[in-house]
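Here's the structure we're looking at; comments come further down.
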Amino acid sequence: MAIERTFSMIKPDATKRNLTGAVTAKLEEAGLRVIASKRVWMSKREAEGFYAVHAARPFFGELVETMTSGPTIVQVLEGENAILKNREVMGATNPADAAEGTIRKEFALSIGENSVHGSDAPETAAQEITYWFSSTEIVG
Ligand code: ADP
Ligand code: MG
Numbered sequence: 001m002a003i004e005r006t007f008s009m010i011k012p013d014a015t016k017r018n019l020t021g022a023v024t025a026k027l028e029e030a031g032l033r034v035i036a037s038k039r040v041w042m043s044k045r046e047a048e049g050f051y052a053v054h055a056a057r058p059f060f061g062e063l064v065e066t067m068t069s070g071p072t073i074v075q076v077l078e079g080e081n082a083i084l085k086n087r088e089v090m091g092a093t094n095p096a097d098a099a100e101g102t103i104r105k106e107f108a109l110s111i112g113e114n115s116v117h118g119s120d121a122p123e124t125a126a127q128e129i130t131y132w133f134s135s136t137e138i139v140g
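In case it helps, full-length UniProt numbering puts the sequence shown at residues 1 to 140.
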């Protein structure tokens with residue numbers, strides 16, 4: 001297994017409910033290390049750019065609205081198989097389908113307000129890390 005990096009977000013629905021620490025604890029318990037982290041309040045332009053791949057989806061407007069409704073914690077996570085491991089600890093997109101013990105099962109409110117984001121592949125992880133962080137902000 002390889003040491004990988006992935007990109008994670010604690011979304012506004014979670015930061016508003018003061019769950020930054022609880023979500024981060026789940027990531028750390030899964031063996032992921034937070035090697036960069038900052039709190040941002042996304043602009044509409046930043047949210048639209050980040051989620052451009054979903055621009056044609058019917059939920060795009062709602063997605064941009066929720067992502068700009070409060071602060072988000074953007075993070076770089078590192079660990080063995082970090083991309084897949086993070087997706088596992090996040091749980092399914094719809095919390096109704098998420099497995100016991102996952103972040104979305106425990107904390108998500110709905111498919112739209114589902115508390116966390118995680119990159120789905122090495123290419124998207126690299127792109128998403130670069131979207132939010134400069135190399136000097138990733139400190140290990
Ligand atoms: P994931 O975040 O699990 O990778 P997707 O990439 O498919 O899921 O979708 C990105 C985000 O868009 C989801 O996390 C969720 O916030 C939102 N979303 C996806 N599907 C829906 C939907 N049917 N209705 C409302 N919001 C949705
Ligand atoms: Mg996705």
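Think of the CB as a built atom: it goes at the ideal place given N, C-alpha and C, for glycine as much as any other residue. All values reported here derive from a predicted model rather than from experimental measurement.
> Are G35 and V139 close, meaning C-beta to C-beta below 8 Å?
Replying inline: The sequence given here has Ile at residue 35, not Gly. Yes.
> Below 8 Å between beta carbons: does that hold for E74 and K38?
Replying inline: Per the sequence shown, the amino acid found at residue 74 is Val instead of Glu. By the CB criterion at 8 Å, V74 and K38 fall inside the cutoff.
>> Any heavy atom of the ligand FMN inside 7 Å of the beta-carbon of D120?
In response: In terms of ligand content, the structure shown lacks the ligand FMN and carries the ligand ADP and the ligand MG instead.
>> Is F59 a contact residue of the ligand ADP, with contact defined as CB to any heavy atom under 7 Å?
In response: Relative to the non-hydrogen atoms of the ligand ADP, the Cβ of F59 comes within a distance shorter than 7 Å of at least one.
> For E78, which beta-bridge partners are listed by DSSP?
Replying inline: The partner list for E78 (beta bridge, DSSP) reads R5, R33.
>> With a threshold of 8 Å, are at least 3 pairs of Cβ atoms found where one atom belongs to the segment 3 to 12 and the other to the segment 81 to 101?
In response: Short answer: they touch.
> Between E48 and E100, what straight-line distance do the alpha-carbon atoms span, to the nearest angstrom?
Replying inline: Each residue's alpha carbon lies about 31 Å from the other.
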